[in-house]
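S.K.: Going left to right, the sequence shown walks through residues 86 to 713 as the numbering used here numbers them. Even for Gly, the Cβ is constructed at its ideal location relative to N, Cα and C. No experiment lies behind these values; they were computed from the predicted model shown.
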Amino acid sequence: MAKKTQQPSADTISSLRSVIPEIFDAAQRNSTGLRKHAVSLRKLQVQCYDFDKEELTGEHAFNKEMIRNLNKVLAVKKREPCADRIVKLLATFVQVSYEKDQQLAAKEKAKKDEDDVFGDDDEEEEEEEETASARFLELLIRYLLEGFQAKEKMTRLRCCQIVAMSVTCLGEIDEDLYFELIKSLSERIRDKESGIRVHAAIALSKLQSGEEAEGGDVTDSLLNLMQHDPNAEVRRAVMLNIEKNTATLPLVLERARDVDATNRKCLFLKVMPSLDYRLLSIEDRERLLTAGVNDRDASVKRACVRMIGESWLTFADQNLLELTTALDVVDSPNAAKVMQALFTGYPEIPENLKFDSELWDSLTPEMAFVIRSTLEFFSERKDSDRMDQHLPEAMKLAQLMEAFGAKLEAATDDEARPDIEFVIHQLLLIAKMSDFPDELGRREMLTLMRKMLLVPEIPENNIEAIADIIRKLSINEQDFIRIMVEVVSDVRELGAANEPDDAENARLEALLVSIKCLIIIKYILQRCFDALSEGSSMYGLLTECVVPAVQSSESVLQEYGIECLALCCLLDKSMAIDNIGLFAQAVRQGAGELHTKGLAAMLDLSFLYGVRELASSVGSVEEFMEVL
């Protein structure tokens, strides 16, 4: 049986001044039934329209009464719950009316298609009939635009608020009205009241479309607002609502460095999760993650980790290796920190990883990085069971490093070398975490480490890792020093044996050998704690390598020499007193790295021995402090 509908009558029109205020009154008391009240208003609007479809007298009466009731809240103070509920009621009514119109239009189109099976496709479509709700919304927008110029700030705020909440339901409107709306909102984003700027920015963001969104005046105004507005809420409103495209995205990502922590957190929690990380360039990903994991606010860090663990990993089909590829681990200085933050936030990820023998035999940079990050995570948690489960034997690690070392020697493609060097470095970091329980494996690893230090073009970060491994393999500190001093002697002998015939090349070769020796000495000293004695082998390296470097005319040797001498002084107080004047001279006369390392040396020694103990070699305490 067909549902009976209430027939419109003159009584319906005459009762508007009582019915609509009753709906408004009920809505302002409780926000839970706003949609029900909006549906009631919609039914009332339809009845008024049906009363007189020609002259639209009923519709005009409905619109007039709606505006009359709206006027009562336009000047009500900000954050007044009753007024806020009326604003939401109006926005909900506009939304409900828009949805009903869309449903009716879809039904009519489906019925027309069903009746006109053999219709002509080339026939021009009839213009869509303007609906009562569309006319009401256009009337409402025109009326509210008048309030944009009001002297009362609350009136301007409420008008912008209602427009911002209703503008998404605008269909095809008069072109003059559209440009007037754009112009008025563009003026309001420069309003002295921040709340008005917030709602104006939201409304303006929703009016972006087509070519305009790719870099028109509206977009430029919004981007300028997002970058330079002093109010954090205004910047946040633009960041959340502006259309994300190639023109706007780079500037949206800059909000990762916003001074307001809430804005930074919103970027990671609300903006980025909906964007596929593959749309960002490698540089943009790097900057975004660097800002997130290094943020001083713990909640922002958690938001960044949540974005990676829930959004980016989803876009990567829960494939950690695919996500790691996107991090560009070979060249990224922060990839390790990002991965540790991810594992800390989602420990189930590393706990469910399995590394079989086939994976070890076919290592890629990304695989090696994931294995190393997983083992570091378990190492920091002191989870020895999982460490033992995943760590290969020392002999296996040594064989892998030898295999990749051979690949590196045979590599003719310069583009392939960084990947191989990266895998070797990851294997060295993995070896650092091993306890080397097997004596045969210990000897094999020690022999390999000494051999690797003799490779002419070994990266400095590999030297540091090897120094840590040798220190772990050594019986005690003296044994470590003895092994490393022998390595330095071997490096110098190898350099002397390979001296080129050309004088300039010979000078450069000697310089490189000296730098390598000083780097090794630096890492030896950083791992020593016993006091230096004149008879020790370390003291011999000081006179043979460090002192000549400090006295050299080559600035790079001076810098490494000053650094090594400062480390020696940390182990010998008398040496510190004798050489503090040299460090002061480096601070006064040196430039760049030499100045910085001289200053670092003076500060370190001052903290260790005290200013008064050292000042006599410079002059007075005042002179010493003046240098600092």
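Candidates T240, S519 and N546: which alpha carbon is nearest F507's?
M.R.: Residue mapping note: residue 507 aligns to position 422 of the sequence shown, counting from 1. The shortest C-alpha separation from F507 is found at N546.
S.K.: Take the Cβ of K89 as the centre, count every other Cβ of all protein chains shown within 10 Å, and call the residue buried at 16 or more, exposed below.
M.R.: Start at 1 with the first residue of the sequence shown, and residue 89 comes out as number 4. For K89, the predicted model reports a pLDDT of 47, less than 50, meaning its position is unreliable and no value from the coordinates is stated.
S.K.: Since E529 and M480 are thought to touch, with beta carbons under 8 Å apart, how far apart are those beta carbons, to the nearest angstrom?
M.R.: Here residue 529 refers to the residue found at position 444 when the sequence shown is read from its first residue. Here residue 480 refers to the residue found at position 395 when the sequence shown is read from its first residue. Their Cβ separation, rounded to whole angstroms, is 6 Å, which keeps E529 and M480 in contact under 8 Å.
S.K.: Using DSSP with H/G/I as helix, E/B as strand and the rest coil, what is M518?
M.R.: The residue labelled residue 518 in the question sits at position 433 within the sequence shown. In this structure, DSSP gives M518 a state outside helix and strand, which the three-state scheme calls coil.
S.K.: Express the C-alpha separation of L650 and S701 in angstroms, rounding to a whole number.
M.R.: Reading the sequence shown from its first residue, position 616 is the one you call residue 701. Reading the sequence shown from its first residue, position 565 is the one you call residue 650. In a straight line, the C-alpha of S701 is about 19 Å away from that of L650.
S.K.: Counting C-beta neighbours from all protein chains within 10 Å, is the total for M710 16 or more, i.e. buried, or is it exposed?
M.R.: Indexing the sequence shown from 1 puts residue 710 at position 625. Label assigned to M710: exposed.
S.K.: Ordered along the chain, which non-local residues of its own chain (more than five positions away) have a Cβ less than 8 Å from that of D517?
M.R.: Sequence index remark: in the sequence shown, residue 517 carries index 432 (1-based). Residue 517 is actually Lys in this sequence, not Asp. The answer, listed in chain order, is A550, D553, I554 and K557.
S.K.: From A317 to S99, what distance separates their C-alpha atoms?
M.R.: In the sequence shown, residue 317 corresponds to position 232, counting from 1. In the sequence shown, residue 99 corresponds to position 14, counting from 1. Cα to Cα, the separation comes out at about 48 Å.
S.K.: Between the Cα of S458 and the Cα atoms of M424, P432 and D470, which residue gives the shortest distance?
M.R.: As a working mapping, residue 458 is identified with position 373 in the sequence shown. Checked all of M424, P432 and D470; the closest Cα to S458 is M424.
S.K.: Would Y624 and A661 be called neighbours here (beta carbons separated by less than 8 Å)?
M.R.: The count along the sequence shown starts at 1 and reaches residue 624 at position 539. The count along the sequence shown starts at 1 and reaches residue 661 at position 576. No. Outside cutoff.
S.K.: Can you round the beta-carbon distance between A426 and K386 to whole angstroms, since I take them to be within the 8 Å contact cut?
M.R.: Taking the first residue of the sequence shown as position 1, residue 426 is located at position 341. Taking the first residue of the sequence shown as position 1, residue 386 is located at position 301. Yes, they are in contact, since the Cβ atoms of A426 and K386 sit about 7 Å apart, within 8 Å.
S.K.: Go through its chain and collect everything with a Cβ distance to G675's Cβ below 7 Å, but skip five positions before and after it.
M.R.: By 1-based counting over the sequence shown, the position of residue 675 is 590. Here the set comprises G683.
S.K.: Should D504 be labelled buried (16 or more other beta-carbon atoms within 10 Å of its own) or exposed?
M.R.: For the purposes of this step, residue 504 is identified with residue 419 of the sequence shown, where counting begins at 1. By the 10 Å Cβ count, D504 comes out buried.
S.K.: In three-state terms, what does DSSP make of V672?
M.R.: Within the sequence shown, residue 672 is the residue found at index 587, counting from 1. Helix.
S.K.: Below 8 Å, can you find three or more Cβ-Cβ pairs linking the segment 117-134 to the segment 188-199?
M.R.: Because the criterion of three Cβ pairs below 8 Å is not met, the segment 117-134 and the segment 188-199 do not touch.
S.K.: Drop a sphere of 10 angstroms on the beta-carbon of K607, count the other beta-carbons inside from all chains shown, and report buried for 16 or more, exposed for fewer.
M.R.: Translated into positions along the sequence shown, residue 607 becomes position 522. So K607 ends up on the buried side.
S.K.: To the nearest angstrom, report how far apart L539 and E629 are at their CA atoms.
M.R.: Position 454 of the sequence shown, counting from 1, holds the residue named residue 539. Position 544 of the sequence shown, counting from 1, holds the residue named residue 629. Cα-Cα distance, rounded: 19 Å.
S.K.: Buried or exposed: H313, going by 16 or more other Cβ atoms within 10 Å of its Cβ?
M.R.: Looking up residue 313 in the sequence shown gives position 228. Result: exposed.
S.K.: What is the C-beta distance between I647 and V703, in whole angstroms, given that I count them as a contact (C-beta under 8 Å)?
M.R.: The residue you call residue 647 lines up with position 562 of the sequence shown. The residue you call residue 703 lines up with position 618 of the sequence shown. That pair is no contact at about 16 Å.
S.K.: Could you round the C-beta distance between A123 and L174 to whole angstroms and report it? I think they count as a contact, below 8 Å.
M.R.: The count along the sequence shown starts at 1 and reaches residue 123 at position 38. The count along the sequence shown starts at 1 and reaches residue 174 at position 89. The pair is a contact, with the Cβ atoms about 6 Å apart (cut-off 8 Å).
S.K.: Give me the Cα-Cα distance between L352 and Q474, rounded to the nearest whole angstrom.
M.R.: Against the sequence shown, residue 352 aligns to sequence position 267. Against the sequence shown, residue 474 aligns to sequence position 389. The straight-line gap separating the alpha-carbon atoms of L352 and Q474 is approximately 39 Å.
S.K.: Give me the Cα-Cα distance between P477 and T304, rounded to the nearest whole angstrom.
M.R.: Here residue 477 refers to the residue found at position 392 of the sequence shown. Here residue 304 refers to the residue found at position 219 of the sequence shown. Computed Cα separation, rounded: 56 Å.
S.K.: Comparing C-alpha positions only, which one of D446, P432 and L482 sits nearest to E72?
M.R.: With the chain covering only 86 through 713, there is no way to say anything about residue 72.
S.K.: Is the beta carbon of R502 closer than 8 Å to that of L493?
M.R.: Translated into the one-based positions of the sequence shown, residue 493 becomes position 408. Translated into the one-based positions of the sequence shown, residue 502 becomes position 417. Taking 8 Å as the Cβ cut-off, L493 and R502 qualify as a contacting pair.
S.K.: Would you say the segment 220-234 touches the segment 144-157, given that touching needs at least three Cβ pairs under 8 Å?
M.R.: yes
S.K.: Measuring CA to CA, which of E443, F454 and F400 is closest to P435?
M.R.: The residue labelled residue 435 in the question sits at position 350 within the sequence shown. Measuring from the Cα of P435, the nearest candidate turns out to be F454.
S.K.: Pick helix, strand or coil for F462, following the three-state DSSP scheme.
M.R.: Position 377 of the sequence shown, counted from the first residue, corresponds to residue 462. Helix at F462.
S.K.: Please classify E644: is it buried, with 16 or more other beta-carbons within 10 angstroms of its beta-carbon, or exposed?
M.R.: By one-based count along the sequence shown, residue 644 stands at place 559. The residue in question, E644, is buried, as its Cβ has 16 or more Cβ neighbours within 10 Å.
S.K.: What is the rounded straight-line gap between the Cα of H510 and the Cα of D276?
M.R.: One-based indexing of the sequence shown puts residue 510 at position 425. One-based indexing of the sequence shown puts residue 276 at position 191. Whole-angstrom Cα-Cα distance: 57 Å.
S.K.: Beta-carbon within less than 8 Å of V172's beta-carbon, same chain only, minus the 5 sequence neighbours each way: which residues are those?
M.R.: Locating residue 172 in the sequence shown gives position 87, counting from the first residue. Within the same chain, V172 has close Cβ partners V158, R243, Q246, I247 and M250.
S.K.: Can you say whether V337 is buried or exposed, counting buried as having 16 or more other CB atoms within 10 angstroms of its CB?
M.R.: The residue you call residue 337 lines up with position 252 of the sequence shown. Buried.
S.K.: Which class does T304 belong to by DSSP, given the choice of helix, strand or coil?
M.R.: Within the sequence shown, the letter at position 219 stands for residue 304. Correct three-state label for T304: helix.
S.K.: Nearest-angstrom Cα distance between D137 and V323?
M.R.: Within the sequence shown, residue 137 is the residue found at index 52, counting from 1. Within the sequence shown, residue 323 is the residue found at index 238, counting from 1. The alpha-carbon atoms of D137 and V323 are separated by roughly 43 Å.
S.K.: Under a Cβ-count criterion, where at least 16 other Cβ atoms within 10 Å of its own Cβ denotes burial, should F463 be classed as buried or exposed?
M.R.: As a first step, residue 463 must be located in the sequence shown, where it is residue number 378. Burial call: buried.
S.K.: Can you grab the Cα-Cα spacing for the pair L101 / R241, in whole Å?
M.R.: Here residue 101 refers to the residue found at position 16 of the sequence shown. Here residue 241 refers to the residue found at position 156 of the sequence shown. Distance between the alpha carbons of L101 and R241: 27 Å.
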